[in-house]
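Data block below; observations after.
Protein chains: 4
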Amino acid sequence: MDSRESLLAHLYTVGTLENVDGGVRFALKNRLFAATLTGVSRVELDGRAVPPADVTLELDGREVVAGDLDGGVPFPLRRIVHVRVVHPALDPGTHILGLTINAEPFGTLSFTVADGVVGKGDRHGGRIPRADDNTSPAVILERRRFVERVTGVDLHHVAQYSGDPAETEGNVENFIGVAQVPIGVAGPLRVDGEHAQGEFLIPLATSEGTLVASYNRGMKLLNAAGGVTCTVADEAMQRAPVFAFDSAREARAFRDWVNAHLDELRAAAEATTGRGRLTYVDTFLASRFAYLRFNFTTGDAAGQNMVGRATFAACSWILERVEGVRHFYLESNLGTDKKASQLNTLRTRGKRVTAEALVPATALEQVMRVQPASLARHAQAANVGAFLSGVNNNGLHSANGITALFIATGQDVANVAESSAGILHTELSSTGDLYVSITIPSLIVGTVGGGTGLATQRECLDLLGCRGDGKARKLAEIVAGVVLAGELSLASAISSLDWVSSHEQHGRNRA
Amino acid sequence: MDSRESLLAHLYTVGTLENVDGGVRFALKNRLFAATLTGVSRVELDGRAVPPADVTLELDGREVVAGDLDGGVPFPLRRIVHVRVVHPALDPGTHILGLTINAEPFGTLSFTVADGVVGKGDRHGGRIPRADDNTSPAVILERRRFVERVTGVDLHHVAQYSGDPAETEGNVENFIGVAQVPIGVAGPLRVDGEHAQGEFLIPLATSEGTLVASYNRGMKLLNAAGGVTCTVADEAMQRAPVFAFDSAREARAFRDWVNAHLDELRAAAEATTGRGRLTYVDTFLASRFAYLRFNFTTGDAAGQNMVGRATFAACSWILERVEGVRHFYLESNLGTDKKASQLNTLRTRGKRVTAEALVPATALEQVMRVQPASLARHAQAANVGAFLSGVNNNGLHSANGITALFIATGQDVANVAESSAGILHTELSSTGDLYVSITIPSLIVGTVGGGTGLATQRECLDLLGCRGDGKARKLAEIVAGVVLAGELSLASAISSLDWVSSHEQHGRNRA
Amino acid sequence: MDSRESLLAHLYTVGTLENVDGGVRFALKNRLFAATLTGVSRVELDGRAVPPADVTLELDGREVVAGDLDGGVPFPLRRIVHVRVVHPALDPGTHILGLTINAEPFGTLSFTVADGVVGKGDRHGGRIPRADDNTSPAVILERRRFVERVTGVDLHHVAQYSGDPAETEGNVENFIGVAQVPIGVAGPLRVDGEHAQGEFLIPLATSEGTLVASYNRGMKLLNAAGGVTCTVADEAMQRAPVFAFDSAREARAFRDWVNAHLDELRAAAEATTGRGRLTYVDTFLASRFAYLRFNFTTGDAAGQNMVGRATFAACSWILERVEGVRHFYLESNLGTDKKASQLNTLRTRGKRVTAEALVPATALEQVMRVQPASLARHAQAANVGAFLSGVNNNGLHSANGITALFIATGQDVANVAESSAGILHTELSSTGDLYVSITIPSLIVGTVGGGTGLATQRECLDLLGCRGDGKARKLAEIVAGVVLAGELSLASAISSLDWVSSHEQHGRNRA
Amino acid sequence: MDSRESLLAHLYTVGTLENVDGGVRFALKNRLFAATLTGVSRVELDGRAVPPADVTLELDGREVVAGDLDGGVPFPLRRIVHVRVVHPALDPGTHILGLTINAEPFGTLSFTVADGVVGKGDRHGGRIPRADDNTSPAVILERRRFVERVTGVDLHHVAQYSGDPAETEGNVENFIGVAQVPIGVAGPLRVDGEHAQGEFLIPLATSEGTLVASYNRGMKLLNAAGGVTCTVADEAMQRAPVFAFDSAREARAFRDWVNAHLDELRAAAEATTGRGRLTYVDTFLASRFAYLRFNFTTGDAAGQNMVGRATFAACSWILERVEGVRHFYLESNLGTDKKASQLNTLRTRGKRVTAEALVPATALEQVMRVQPASLARHAQAANVGAFLSGVNNNGLHSANGITALFIATGQDVANVAESSAGILHTELSSTGDLYVSITIPSLIVGTVGGGTGLATQRECLDLLGCRGDGKARKLAEIVAGVVLAGELSLASAISSLDWVSSHEQHGRNRA
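Chains as they are written, first to last, in the working numbering: chain A, 4 to 514; chain B, 4 to 514; chain C, 4 to 514; chain D, 4 to 514.
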């Protein structure tokens, strides 16, 4: 039987060993992955075993005797199980706690740790107030008061929120209030997608002046061009663990083994998730490392947690079977979550979506006062510039629109890091009109989970008809359309400043 | 005298030519850069000149006769000047308007445009309601009602804001309400910076569960290590225009000319700004293009607009003096605003800031349950992974902390695109402790301007003691310290899952 | 019936229309891909058809009547077929030639071109002398004399070659002599590969002083470490065409169609080659372009031509079946032949090979006078440097050894562009020794074809036991081992200059 | 007095301590930088001092008493000084040798090393034969015989060289013969440079069939366009050391110190070289490392060794003055010698040179059978492809021409790694002609030093009129012109295969 201390270590919360009425209590906090507790087979205090009958588990107010967990106690992510033991009060100071539990799908975990018993009174000195029901009005107020006392700042506005703080559980810890980010509305934008069809008013949450106005002008232009056509070409969400071996040859053999066991890996991974599907596993070898990049579809969720859990399960399945692994890390910089990478641009992260339009010269001239040729020329000079600078977006500012939509609709805004990559392509058509497209290769959006259920975010998703299941691709199409509006608007502004060009047409500068 | 139609084109707002009492009116909206109107020397309608005495300018309720602008009328960015002409009512349909104005520092601009006269009634059909006083409660409500009517969505929560909407002017257009983003508080974090000194409670605005808790654990670890040392090494904000010539040799000559006229360029650029200082101009040649990258310091503002204006002024100065420029574009993908680039990593955008700590092995083991060697080993495997993936951050997830702080403190969140770059460096010290640092090469922060004056954002800046002048470097130091906390926390979590490693120490897997 | 003018245009050689005894002659040179001529169905001169019986083909001295090509005439790459027509002598000046031929596997090609008849005498004025037997001693001498006359330079040494010039056919055109590149010998190097086993003397062709000596020292060190272990992990050779469509959606549909027809594509591709095998096709979408990256194994040849031909055949197969392709180009910068790219590093081009060794501290100190820790520390600083500079090799100078071996062994030396990428990884072992490896992700080597049959190159391949079939992986292993020797040698030299470090050990610089 | 063991360690050659007539002898080999020995102040054998009068130095046959070195003995790079000591014969086994010498410009160096005495007879067992006069016919023959004996291969052709082997000294060690690389001649190419003017016949050393023919066709096209215009825009050669400190703040202070002492650094650096000039020092900070990138001009030499020596001298000057440096390494992956990097593309390495031409549509159609629009369209698709693949050259195959010219003209061919970067730019002119340019940002060429003096290489340089001083820029221009010819030729070939496009013009595929 394999015991995995390090894993359990991740469950145990230091500094929680305490004397309570009739016994001793400590906390297990699940910081890892959802699990089911199916047994507690050993509790030792300072080397002395406690009979199972004297051990009780508390979760969400429920209390269960540890010896009687039939079927198991659900142990969701980020929740705390308190373990209560019938035991004489412990002296202040350090004690040794031993524990063996069974948690599916991770099997038997056993662990020994030293922890110090502290009185309740020590807790709230300089530390942020917390409580078991950590989003009750009382503890939120206590926390805000604490912050105000420590910093001398009146959090008047931060405290003005309209949603139920309990709804923020799963979104934030130590809640004290909200940041209010102004929303401007732009549009309507006519979108011709496979999922988004028709005209959309676009809520943009931003503090950058002119952003809404600029996107609005771009939308007007796109509408004049008959709308923007949007296409989702691919989707993927990744986690990329690394396995270290003693030699390159062993790493290669491991890669081959993995490729031969994809069906089993898929089964292990998908057992942890309802929506997630393992599509393929990319492998990369360097030195004596084998990097595996697990690619999933994740339904309408952005899915980072889902694929982390599923990949971890697949890796657990591997680690139980493969000899010779010297080290294992669940992430290796080949997933490139929250980071821009060439790999994401190549192989898609989130959605790969293209927005395109054929903009008539007349529309461009009337709405933007520029010639198609001027934009095309700028795109060429900007392509050379992009090649020089090593930028991950040869367009102009897609991050602006993406960020504003992400904040408004409850996306994980840190994903702007990946989502801001872009491939702009501009062509003069044979009729002198302007074909323009932007491909966003790693747009991370979801319409369920994350911040999509928060009060204002929910409303903004509703504005777009993008809340809930079956809407993620629709949202991706809208985001891409908005981004193209912004590109056209800013490119036109830059091109309209090319007074050299405008003179040239009138023949003044040419000898 | 040079007339710059294209520039003026950018000032004129299509669709505003209208009959009003006693005459005709049209609008000039400044979408470019702050200027001063010093004269209107020509107004023509359908080819017929209007006497200067019959032309009146309206700005902010003030009315001035065009022939009598002595000293000039300030024309701020994004503001509208209405030009009113004594003239018989125009027939519906298209009319030709000719205009010559003088606007400092851009000189004389002249322009001819066709515009259509529309009746007032056509305006509010399917379009978003607007008014001159565009942040009055009435128009905001009208706008929200319009959105609700079109989409059938009740914007109950979006409408709950506590600040004065008028304060959002300059931050957003077409304001309809706010996105409420939950704030959790973490810390305190002990920071040893040159500007930030002491313990800070950190407001993190996010909807990503566990983020606050994870950063909090990292802060606990850093505190146990005596705090985090933070250093701002450099600062720069850029705009990078491109000049196209007939040949590479002309582009080279231009580059040399620019290098010989830096003092004049500096004078022209700095005349447009109180805070901005031109530090140096980088030049890059490719094909027959000359790319100039203007580098500025911008005081405590993030400064993108400031440097755009200043660079444009410098380019205007150039364009008046240099022959042979075939095209000019104010941006070329070498500024890489809102985008990740190798160039930013190399040469700094915003602040270049490093957070570092020497974490004792004992602290790491007690707080995180991992060994220093395990983190060091992970960093090495992750470095190879980063090299393979072409990622712009060899660390783990700095975007998470940065984004949460950016939303809370009113930064331009789209700058996460650049700010998410990072260079993590991890070393085992000779004593077995862990030296760890992260350098953020392009952290864009400001403590004045942008969203820093919004109600909740102001409070969060106050929490950190970072509001107003003289605080930008302090904020940069705090952000970097928070980021390092997050790196340590997640790296520990990943390393603690390396049960292979932990077994190895107990000799079980090694034959 | 589809006629493909542009393809045929590529076969026709301008400036060859000439009067000969009894008729008129012109040349078709195959600059494309090996084919078989199976018919000439139309020859027209100035609009007048020539009867098939009056048309004769000449290839390699053989003459065939065009109407009687049963089974077809082989038409190898770079060979010329002369078409001779019974016809009265043409007047000097321009004439119109029409031609329809059938060439398998490309089908019927038809073409009309204007060409000028020139007298033989005009040919040799300022132009480089050529002849049908272009490597006869006479024409080589004539060519060299021509060059000497034009430039006034005596090509004494260039003329000193020992091989048979006829053997250079297929390697060079317009042969005039040889460049003599000095070869130094290093080693022996003990290699523990799967294909290369034992000690090897290494011929290095270079003009860079100290290179041989430096690699030699590295080999001595590797031998002291028990030799270098080498492993080929993957192999691939690519060609990456692009297909342009009217919209992103069509490009996506095309990608799906391709993925559904891989077996047919494979059949079409492999029909053109004996050694080549299509392993997989990577697809990348951006804008309305579909990029296909065909991956092959190519036996023991480097294989660029082989995969070009095979990919073109597969694309021909596609183009005959798919509607809506607007443009097709056989290369698109996703094959990245002769260029360094992230994609090659990720997904292998040529061979992916790793050389690794565990170097005992004592060996390093005795042979190189440095400590393992010093090299490990340098590797870390160099990793950060690599991340800053965006270099495609975090090691030191693998191009040196690779180039010297490539010249010596008849590789395509321009492939140094790809082959110089590298991933160096250095670890201190728990025993204080130094694990070091280098992975070369895109090492392009062959042991058949290309320059491997040239006189001196053949001898150098024989030195290594690497000539002919079944040897390419062996050669890759040896190259990697040599490269690692060079890395250790230069890294030691750099580290031994760290006198700060060496002082530190003696406690002098630390207060 | 500072003693720099590690530096001296680099001078001493292990395994040379030997008994000779009347004493003991050992060797110092200068593997570092040219120096002048100005004194030997200490020689100890097994702890016993030897009187200065008993110590003699031998260099190049000259013998000098160590106590009487007035003015100093020159000690060139890669040369050996034998130190002979009057001393009783040493027993076989290990002895301790102590030595203090003075070598300008490095100052006093002192050193203690253990070495083993071996008899002469042990030397030539399995080792490659060497001699003091290592390029005499006798030792070359002995070496070749050794290789032939060990490998069983007859080196008949390798032995056929026409130059004097002694001339290879400084280019190669352990010379055994030459690789003969076929040279084909192409051209003439009409070049309109600032240094190269007129028509040039181009010697291309290659084993890749069709290369010469393909470049030749491109040259024909360029000539038809009136020739190729070439411009050198910049030049630089770099070495980039790294200094490690205890903290980021110290690294920053160091950077500022360096910037304040550039004149002194320049003086120290330039003292070591006649041709080299320090132009500027770029600084990059990350973690607690300060990276300095020294930029030099190097006259007509490629200059890597020159700038290595000069940078080392500057760093020595720094290290004697700056406290707190923990580690120093002379290279850090920011010089990116022999490697492709974004940094080189941005900031030039070697020469930055652009070749450009305006190719008339008629010339393109006649010589290449393609339309300008077809090439322009391909360039656009290839730009998107380049952006996806992360390639360092958006053109096609500049490495081919560069490599062939490098081998022919005695360049350091490993520099193909850097030199193969390129920026291709293609524009349709308003007249329908094709403007095309390629910028090579890091072309490393020299016309003195390196392999430029070898027999055949000298002749090829003479062919181009590019031998000796004042010719490097001329050579750079010619290389760029040749490269552009190759780009046009291959781009035309690829475009001419676009039969879709050619059909489209005839209206067949469009419904």
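C-beta: ideal position from N, C-alpha, C; glycine also.
According to DSSP, simplified to helix, strand and coil, what is glutamate 8(D)?
The residue given as residue 8(D) occupies position 5 in the fourth sequence. Confidence at glutamate 8(D) is low in this model, with a pLDDT of 49, below 50, so its placement is unreliable and the value that follows should be read with caution. For glutamate 8(D), the secondary structure class from DSSP, reduced to helix, strand or coil, is helix.
Which complete beta strand (DSSP E) runs does the region 57 to 141 of chain C hold, if anything under 3 residues is left out?
Entirely contained in the region 57 to 141 of chain C, the beta strand (DSSP E) runs reaching 3 residues are, in chain order, 58 to 62, 65 to 68, 76 to 78, 83 to 89, 96 to 107, 110 to 120.
Could you tell me which whole alpha helix (DSSP H) segments of length 4 or greater appear in the region 401 to 435 of chain D?
Unbroken alpha helix (DSSP H) runs of no fewer than 4 residues, entirely contained in the region 401 to 435 of chain D, are found at 401 to 412, 419 to 422, following chain order.
Chain B contacts made by the region 334 to 367 of chain C, where a contact means CB separation under 7 Å:
Listed by position along the chain: Gln345, Thr348, Leu349.
Can we say the region 215 to 226 of chain B touches the region 220 to 228 of chain A, given the rule of at least three CB pairs closer than 8 Å?
No: the two stretches stay apart, fewer than three of their Cβ pairs being nearer than 8 Å.
Can you tell me where the beta strand (DSSP E) with phenylalanine 331(B) in it begins and where it stops?
To locate residue 331(B), count along the second sequence from 1; it is residue 328. If you look at phenylalanine 331(B), you'll find it in the beta strand (DSSP E) that goes 330 to 332.
Near valine 23(A), which residues of its chain fall below 6 Å by C-beta distance, leaving aside the five closest residues on each side in sequence?
Here the question's residue 23(A) lines up with position 20 in the first sequence. Cβ neighbours of valine 23(A) beyond the five flanking positions: none.
8 Å is my cut-off, CB to CB: does phenylalanine 287(D) come that close to chain B?
Start at 1 with the first residue of the fourth sequence, and residue 287(D) comes out as number 284. Yes, contact with chain B.
Our contact map puts asparagine 174(A) next to glycine 96(B) with C-beta atoms below 8 Å; I'd like the distance itself, whole angstroms only.
Within the first sequence, the letter at position 171 stands for residue 174(A). Within the second sequence, the letter at position 93 stands for residue 96(B). In fact, because the Cβ distance is near 55 Å, the residues do not count as touching under 8 Å.
With 8 Å as the threshold, decide whether the Cβ of leucine 466(C) is near any Cβ in chain D.
Along the third sequence, one-based indexing puts residue 466(C) at 463. Yes, because at least one Cβ of chain D sits closer than 8 Å to the Cβ of leucine 466(C).
Let me know the secondary structure DSSP gives threonine 213(A) once reduced to three states.
Taking the first residue of the first sequence as 1, we reach residue 213(A) at position 210. DSSP places threonine 213(A) outside both helix and strand once states are collapsed to three, so it counts as coil.
List the residues of chain C that alanine 236(A) touches, going by C-beta distances under 7 Å, in chain order.
As a working note, residue 236(A) is residue 233 in the first sequence. Residues of chain C with a Cβ closer than 7 Å to the Cβ of alanine 236(A) are, in chain order, Ala251, Arg255, Leu288.
Give the C-beta separation of isoleucine 205(D) and isoleucine 179(D) to the nearest angstrom, bearing in mind that I take them to be a contact with Cβ-Cβ under 8 Å.
Residue mapping note: residue 205(D) aligns to position 202 of the fourth sequence, counting from 1. Residue mapping note: residue 179(D) aligns to position 176 of the fourth sequence, counting from 1. Not quite, the Cβ-Cβ distance comes to about 30 Å (not below 8 Å), so this is no contact.
Rounded C-alpha distance that separates glycine 122(A) from aspartate 94(A)
By 1-based counting over the first sequence, the position of residue 122(A) is 119. By 1-based counting over the first sequence, the position of residue 94(A) is 91. Per-residue confidence for glycine 122(A) stands at a pLDDT of 46, beneath the threshold of 50, marking its modelled position as unreliable; no derived number is given.
Quick check: what's the CA-CA separation for threonine 19(B) versus glutamate 145(B)?
Position 16 of the second sequence, counting from 1, holds the residue named residue 19(B). Position 142 of the second sequence, counting from 1, holds the residue named residue 145(B). Taking the straight line joining both Cα atoms gives about 21 Å.
Note the first and the last residue of the continuous alpha helix (DSSP H) segment covering glycine 266(B).
Here residue 266(B) refers to the residue found at position 263 when the second sequence is read from its first residue. A quick correction: the sequence has aspartate, not glycine, at residue 266(B). From DSSP, the alpha helix (DSSP H) with aspartate 266(B) extends over 265 to 273.
Burial state of aspartate 125(B) (16 or more Cβ within 10 Å):
Stepping through the second sequence from its first residue, residue 125(B) is reached at position 122. Summary for aspartate 125(B): the model assigns pLDDT 38, below 50, so the residue's position carries little reliability, and this model does not support an answer.
Against isoleucine 426(B), what residues of chain C qualify as contacts under a CB-to-CB distance less than 9 Å, listed in chain order?
The sequence position of residue 426(B) within the second sequence is 423, counting from 1. In chain order: Val387, Phe390, Leu391.
Proximity below 8 Å, CB of asparagine 386(A) to CB of lysine 342(B)
Here residue 386(A) corresponds to residue number 383 of the first sequence, with the count starting at 1. Here residue 342(B) corresponds to residue number 339 of the second sequence, with the count starting at 1. 8 Å or more divides the Cβ of asparagine 386(A) from the Cβ of lysine 342(B).
According to DSSP, is proline 185(D) helix, strand or coil?
The count along the fourth sequence starts at 1 and reaches residue 185(D) at position 182. Reduced to three states, the DSSP call for proline 185(D) is strand.
Residues sharing a beta bridge with alanine 227(D), DSSP
Counting from 1 along the fourth sequence, the entry for residue 227(D) is found at position 224. Paired residues: none, contrary to the question.
Taking all protein chains shown into account, do 16 or more other C-beta atoms lie within 10 angstroms of the C-beta of alanine 92(B), making it buried, or fewer, making it exposed?
Here the question's residue 92(B) lines up with position 89 in the second sequence. Flag for alanine 92(B) reads exposed.
For methionine 445(C), decide whether its Cβ has a neighbour in chain A, counting only Cβ atoms nearer than 8 Å.
The residue given as residue 445(C) occupies position 442 in the third sequence. A quick correction: the sequence has serine, not methionine, at residue 445(C). False, the Cβ-Cβ gap to chain A never drops below 8 Å.
Select from the region 396 to 415 of chain C all residues with a C-beta closer than 8 Å to any C-beta belonging to chain B, and list them in chain order.
Correct list: Asn397.
Can you grab the Cα-Cα spacing for the pair glycine 2(D) / proline 375(D), in whole Å?
Since the first residue shown for chain D is 4 and the last is 514, residue 2(D) is missing from the structure and cannot be characterised.
Range covered by the alpha helix (DSSP H) that runs through glutamine 374(B):
Within the second sequence, residue 374(B) is the residue found at index 371, counting from 1. Segment: none, glutamine 374(B) is in no alpha helix (DSSP H) and carries neither H nor E.
Compare the Cα-Cα distances from glutamate 359(D) to each of Arg278(D), Val181(D), Leu487(D) and report the closest residue.
Residue numbering aside, residue 359(D) sits at position 356 when the fourth sequence is read from its first letter. Residue nearest to glutamate 359(D) within the set Arg278(D), Val181(D), Leu487(D) is Leu487(D) (criterion: CA-CA distance).
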